[in-house]
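Working notes, structure below.
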Amino acid sequence: MTDRIAALKSRPLLTPFNIFAAIILVIGAFLTFKRFTQGIGAVSNLTDTHPWGIWIGFDLLTGVALAAGGYVTSAAVHIFGKKEYHSAIRPAILTGFLGYSLVVFALLYDVGRPWKLPYPFLVSQGVTSVMFEVGACVMLYLTVLFLEFSPAALEWLGLSKIRKTVVRLTMLLTILGVILSTLHQSSLGALFLLAPSKLHPLWYSPYLPIFFFVSSIAAGLSMVIFESTMAHKKFEIYMDDRHKQEYNPVAFGFGRAAALVLAAYFACKVFGIALDNNWRFLFTGWGAWFLFELSGFVLLPCFMYSIGVRDRNPKVIRAASVITVLGIMLNRLNVSVIAFNYHVPADERYFPSIMEIGITLFIITIGILVYRFIVTRMPVLYKHPDYEDVH
Amino acid sequence: MEGIHTLQEFMFQTKGIIYILAVGYLLGFVWFWRFLKMDKKREQ
Amino acid sequence: MNKLLRKIMGLLPAGLLLLFALNGCSESTAVQKSTRADLINLVETAHISNPTRNAVKFPHDIHVEFASKNGEECRTCHEYNDHGDLVYTFKRSTPMSEDELVKHYHDRCQACHTEANAFGEYKAPLLCGSCHAEPRRYESNWTPIGFDKSLHYLHTMVTDDDCASCHHVYDSVAGELVYIEGEESSCIICHKSTAQNGTPSIKSASHRACITCHSENSCSDCHDPIRQAKIEKMDDTPRLERGQPDFALLSAGDRDLRRSKLGTVPFSHIEHEEALGTCRTCHHEGFEPCQNCHTPGGSKLAQGVTLQQAMHAMNSPHSCVGCHDREKSEPGCSGCHGLMEQGRLSEHSCTICHNGPKPSELNAVKGRFTSFDQFRADTNKTRLSFAAKEIPEIVEVSALQDRYQPVKFPHKRIVDTLMAIISGSRIATYFHGDEDVVCQGCHHQSPIGESPPLCENCHGEPFNPNTKNKPGLLGAYHRQCTGCHEKMNVLGRGNDCTVCHEDKGMQADAGTSVERPKEK
Amino acid sequence: MGITRRSFLGWLTGAAGVATGAKTVEAAHGHFNGYPDSYAILHDTTLCIGCRSCEAACNTVNNLPKPEKSFKDLTVLDEKRRTTPHAFTVVNKYTDPHTGKITYRKDQCNHCQEPACASACFVGAFKKTPEGSVQYDASVCVGCRYCQIACPFNIPTFDFDDAFTPKITKCTMCQPRIEKGQLPGCVEACPMEALTFGKRSDLVEIARERIRKYPQRYIDHIYGMDEMGGTNWLYITETPFEQVGMRTDLGVTPAPEFTSGALSIVPMIIGLWPVLLGGLYVINKRRDEIDEHEKEEAVKTAIENANNGGKEGRHDR
C-alpha cells in the first residue's frame, strides 16, 4: 500500500503527456467558450444538410459502444459466474462510467440548447421517437454505473457503511445494467432507421439495432482487453498481484468471447445483405469500402483472436482488441457520417473542422486525466486492505 | 434484381438465401467453438 | 494447427478485400454511345424466337470495307437467285430452321474471322461475349427512308417520267411483273414487312429496286438520318397524275344509306394533296375505298377499326380529325388551341365537315357538285362581322392594380395578327374563317358577340371549391397571356413582369397585395 | 423483428381504450389515412414562371430578414438553393440538358401526413394539425437536430450561428393566416396561380382533371399522393420528377413505420431480460455451490486419507 502512495508522490509533473494534455485543455477551453458564445456553426462544419458530425459519430456513438465494457464484464463475472475474471470488473466499470459521463458531456456541445436536456422527460415527452428511449436509457444507465462504481470511491473515502449497502445491490445493478445497455446500444442503431433514403443501403438495414448491440458486445470485450493492456503498461505498480495474475487469463477468456461474437456479427451482417438483396452494391465503390470495413475490421480481428486463443499468445489478442476498437469507430462513423447522405455530391459532403476535432480531443484528454486520477488513488487496480471480503 | 417483380418473389429469394447461409453459419460456428476450445490443462 | 492452414486463413481476408476493391473500381462507366446506321440485328433478321444471348449487331459497313480491301465482293456473303438478283439473306436462299440458322451463322462467321485474324492485322471477334456483347459501343440510328413527293419528283425527273422503271403489278397468269398505266401505287401496299406467299418483303423488294440503280452497298447511304437530311427538298412538285378526282363527296359507300342522317363530306382531294407529303398518309393500305376494310361495324381486315374511328380517331396518323387536330399545335394556331382541352372533339362542329347532300339524295344530285368551292363559305377572304372601328384599340386591364401599373393590352393589333394567321391558312379559313370565333381565343366559355363579358365577370376570388378548375382573376390573366405568348413563341415565357406592366415603384421588395400583419 | 407496427398499435389502442375509454377513431388494422378535410397546396410546375413573388411574399408574411439580393433579381436562380433559416421557401430552376426546356419548382416543407420530423422529435415539438400543416414549438426544442436527419426532403433548418436561442425553422403553411380565413402568403402572391390552395381531396380532383385535359403537358402522377405515406403539398409536372430535384425512390411507407418495429421490441426486452439473466445467475450460483461442495468433499477425503495413511487406508464413507 505504502509503495503505491510513494509512487504517487514521486511522479514527475512535466512528462510529455502532461504538457500535451495541458495544451489540449487550454485550446479546448477556448473552443468551449467560442462554442457557447457564438453557436455551433462557429466551431464546426455542420450545416442543415449535415446536422450530425463527428460529435455524434465519434463522441456519442463510438463512446457509448466502447463503454460497453462495463455491462459486459459485470455480466460475465456476476451472471455467467466467471469468478476468475473478478479483477477486471472495477477497471471496466470505471471505463464505462467515464465513457458515459464523457458522452453526456460531449452532448452538451452538440445539442443546441443543452440546458433543456431534461425536457424530454419532465416537460413534454416525445415517446414516438427512438431518441427518447436512447436518452432515458443513457441517463438511467449513467446512474447505474455511478452506483456500481461507488464502492471503489467509498473505500477510498473510508465510508464503509454506505459501501456495504451498495455492495449488496451489485447483483441487481448488474442485471439492470445489462437490460439498459441492451436497450440503448440497440436503439442508437435504430436512430438511423428513420432515414432509409439517406443512409447507403449497404449500411442501412432493419437489423441496424441488432448490429449495433452485437458489435457493442465485441467492443466491450475488446475495450476491456485494450484497457487492461494500457493499464498494465502505465499503472503496473498500482496493480496487486491478483490483478497481475489474471492479466493474461482475462485476455484469453475475453479474446475467445470476442472471437465468437465477431463471428456472429459477421454472419449477421451477411444476413443483413441477403435480407435486402443488396448483393449488387458489393461491386460498387461503396461496396469496396463496406468490404474493407467488414473484412479488415471484423474478419481480421476475429481471425487474430482465434489464433491468439489457440496458441495462447496474448500479444496477438491485444493487437486484435486494438483493431476491433478501431473497427467499431469506423462502423459508427460510417453509419452516422461517411455513408450518410451518400447521394449528396462529393463537394458538398461534410468533413469535420479542426475545431470540432479539437473539442473531441479536449473531451478525450479530460477522460484520460480523470481516469489517471482515479486509478492512482482509488482501489480500482488493487484491493483495498480493509475490505478483503470478495462479494 | 431483374427477375423480381413482386414482394413474394423478393421474399422468396432473400429468405431462401438466408436459410442457406444460416445452415452454413451454424455448422461453421460449432466448428469455430470447438476450434477455440480452452481446455483447462493448457490454462497457464 | 499447422502453419499452412494458418497462412491460408491469413490470406483469405486480404485476398477477398483485394478482389472486391479491384472489382469495385472497375465499375462500368457509362459507355459513350456513337451512332451508325449499318447495324443489322441478326436475331430479328433470322427471326430467332427465344434468343438465349444478346442479339448480335452485325456491322455491315465494316465487312463491306474489309471485302472491298481484300478483293472480295457481295458473292462471298450473299447468293444470287436464278434471275441473277442478289438474295439479301446471309449465304442462303432456301429457308432454314432456327437451329440450322444458328449453326449456319456460327460456322461461317467464325471460319471467316479466324481466317481474317490469320492475316495478322485484323482482330475480328471470336469469343461469344465480344459478338453478343451488351452494352455495345455502337447504337443503331437506322431510320426508314420515306418516299415522299419531293423524292418521287426527283426520281421522275431522273427517269424522265418512265413510271415503268419502278411501278409494276404482278400478273399471276403470266407469272411476271407487268406495268399497267394508272395502277401505280406505293410499294408497301403489296410488299408487307414480311414476305407473304411469294410477294417479297418490303425490305428485299425495296433493296432490289433501289440498289439496282444506286449500287450503294452500305446501309448508311440511305438510312442514316444525317445523310437523309441532306437530300434536296423540292417543294412545288407537280401533281402526280394517277386518275384521282379533284373533289369527292365522301360517304359510307352503298350500305343501307337511307337511314343515315348525316350529310356526305365534301372533300377537296387536290388541296389535301398539296398539304400532305405523301399519298400514304390516307391511302396507307392501298387505293381501295376506305370502307372496304373500315366497315361501319369494324372488321378483322382493319383490326376492328370502324369507319367512324378511321375518320375521327384523335391519335391516328391517318384519320381526318386526328390530322386536323395536330395542325392546331402549329405556333400560329396553338396560341388559342394550346390552352383548350386537348384530344377532345368539339360536338358542334360535325356539320362543318358533313355539309354535303345526304347519302340518300346522292343519285338525285348526281353531277351537280363538281368542286369544293360550292361548299366553301361565300367569302374567300375572312373578315369579322364587326366593323374595324368597333374593335377596341387598347384595352386597359386594371381590375387588379396593385404593385404594377394597369396593362395596356394592344387588343386591335392582336386581333389583326390572329386574323392574318387565319386567313393565311386554308384549314383555319375553312373551319373558322368567316365567324368571329377568333374572339373566343380569349373570351372563352361565352357566346360570341359584340361585347363579350369581361374577365372579372367570371374570374373572381381563386380556389372556390364549387368551381374547382376555374382560376382566380390574377391566375386567369397571367395563365392566358403567358400561355398564349409561350405557345406562339412571341416574347417567350418571360418572368420579367415589367415587360407587360411597369412597376409602380413601390418599395422595391414589397411582397404582394398581402397586407402587413398587425403585430410586430 | 416480427413485431410489426400493426400489432404494437393494437396493444396501444387496446390499452388506451381500456385505460381512458376515450373514443378513439381507431382505423381497422392500424391503417390511418390522416385528418379527413385538411388543407393542402397543389404546385403545378408547368405554370411556374420562376418570378419569385412567392419567396417575397413568404419573406414579408413571416417578417424574415430581407436577403441582400432582391427578390426581383432572377440571376439567383442559376444555382440550386435550399431552404435556410431566413427563407422558408426557395424557387429552383431546372434546365433539361437535351431540349433546353426550363422548369421552375418551388421547394418548401411538404407537410407530410405522417411527418418524419414529428416521429423523430423526442420532445414532441412537431405536431400535425387537423388543418393540414405541421407546426413546430420552439419552447420545448432541445436543438438535437434529429428532425433534420429524419426529413427525407431536407427541409428543417437550424440556427447554427445562434448560441442562446437556436431553433428549427420551416414553412408553417401560414397557419395563423389560414385560421383567419386568409390564403397562405405564397399562394396569394403567385400571379400564375401555379399554387392552388384547398382541401387535399379537392386538389387531387383538380390535379387529375388537369392531367386528363392536357395529357401531353403532364406526367400522369401526382407527386405527394403517396410518397412517404402522402403529403399535403402535391406536385404535377411535365418533366420527370427526378429532373426537378424530387426523389422518386422514397417509397410509400410513412416514416413512423420505420422505427415502430424497433420500438416495439423494447417492452419485450424489459419483460424478458430479468427472467433470463436472473435465471442464468441462479444456475451459475447453483453450479458454484456444487463445485464448492465437491471441493470440500475432496479436501475432507484428502485429510482422512492422510490421517488413515498411518492405519492401512480404511475406506471412508
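Residue numbers (this note's numbering), protein chains in the order written: chain L, 412 to 802; chain B, 18 to 61; chain A, 17 to 536; chain U, 5 to 321.
We treat Cβ as the ideally placed atom computed from N, Cα and C, and that holds for glycine.
query                                                                                                                : result
Within 8 Å, strictly: CB atoms of L:V835 and L:A642                                                                  : It is not possible to answer for residue 835 of chain L, since the shown part of chain L is limited to 412 through 802.
Residue-level contact to chain C via CB, U:I182, 8 Å cutoff                                                          : Going by chain labels, chain C is absent from the structure shown, which instead holds the protein chains L, B, A and U.
Per-residue burial, L:D758 [other beta carbons within 10 Å of its own, 16 or more giving buried]                     : exposed
C-beta contact flag for U:N114 and U:G228 at 8 Å                                                                     : yes
With 16 other Cβ atoms within 10 Å as the buried cut-off, status of A:F452                                           : In the sequence as presented, Phe is not what sits at residue 452 of chain A; that position holds Asp. Per the 10 Å Cβ criterion, buried.
Delimiting residues of the beta strand (DSSP E) encompassing U:K132                                                  : F130 to K132
Among U:K304, U:E246, U:L199 and U:G265, nearest to L:S598 - alpha-carbon criterion                                  : U:G265
Minimum C-alpha distance to A:I204 - residue among A:H300, A:P468, A:Q456 and A:S439                                 : A:H300
Whole-number beta carbon distance between U:I223 and U:E242, since they are thought to touch under 8 Å               : 7 Å
Short CB-CB distance (under 8 Å) between L:R783 and chain B                                                          : no
The segment 43 to 58 of chain U: positions lying closer than 7 Å to chain A by Cβ                                    : L51, I53, G54, C55 and S57
Opening and closing residue of the alpha helix (DSSP H) in which L:V681 lies                                         : Y658 to D687
Cβ of L:K527 within 8 Å of any chain U Cβ                                                                            : yes
Closer than 8 Å to chain L by CB, U:P258                                                                             : no
Alpha-carbon to alpha-carbon, A:S332 and A:N167                                                                      : As written in the sequence, residue 167 of chain A is Leu, which differs from the Asn given in the question. Distance between the alpha carbons of A:L167 and A:S332 is about 25 Å.
Proximal residues to L:Y676 (C-beta, below 8 Å), its chain only, five neighbours per side dropped                    : F622, V625, S626, A629 and V709
CB of A:H76 within 8 Å of CB of A:S234, strictly                                                                     : yes
C-beta neighbour in chain U for L:P617, strict 8 Å                                                                   : yes
Where the segment 78 to 112 of chain U meets chain A: residues whose CB sits under 7 Å from a CB there               : L78
CB-CB length for U:S57 against U:P195, believed under 8 Å                                                            : 6 Å
Alpha-carbon to alpha-carbon, L:K527 and U:T50                                                                       : 46 Å
Counted within 10 angstroms of its Cβ, other Cβ atoms place A:K316 as buried (16 or more) or exposed                 : exposed
Own chain, CB closer than 8 Å to A:I437, minus 5 neighbours either side, in chain order                              : G348, C349 and A444
Cβ contact (3+ pairs, closer than 8 Å) linking the segment 133 to 146 of chain U and the segment 39 to 48 of chain U : yes
Those residues which DSSP pairs with U:Q139 across a bridge                                                          : U:K131
Given L:I768 as reference, the closest of L:L442, L:G707, L:A433 and L:A418 once Cα atoms are compared               : L:L442
Chain L within 8 Å of U:D230, Cβ atoms only                                                                          : no
Complete alpha helix (DSSP H) runs within the segment 328 to 368 of chain A (minimum length 4 residues, chain order) : 336 to 343 and 347 to 353
Closer than 8 Å to chain U by CB, A:T483                                                                             : no
Environment of U:T235 [buried if 16+ CB atoms lie within 10 Å]                                                       : buried
Any chain U beta carbon closer than 8 Å to A:R342                                                                    : no
Minimum length 4: unbroken alpha helix (DSSP H) runs contained in the segment 204 to 239 of chain A                  : 218 to 230 and 236 to 239
Alpha-carbon to alpha-carbon, A:A62 and A:P111                                                                       : 10 Å
CA-to-CA distance, L:I490 to U:N288, given in whole angstroms                                                        : 7 Å
Where U:A44 sits in the DSSP three-state scheme                                                                      : strand
Exposure of B:G41, with buried meaning 16 or more beta-carbon neighbours within 10 Å                                 : exposed
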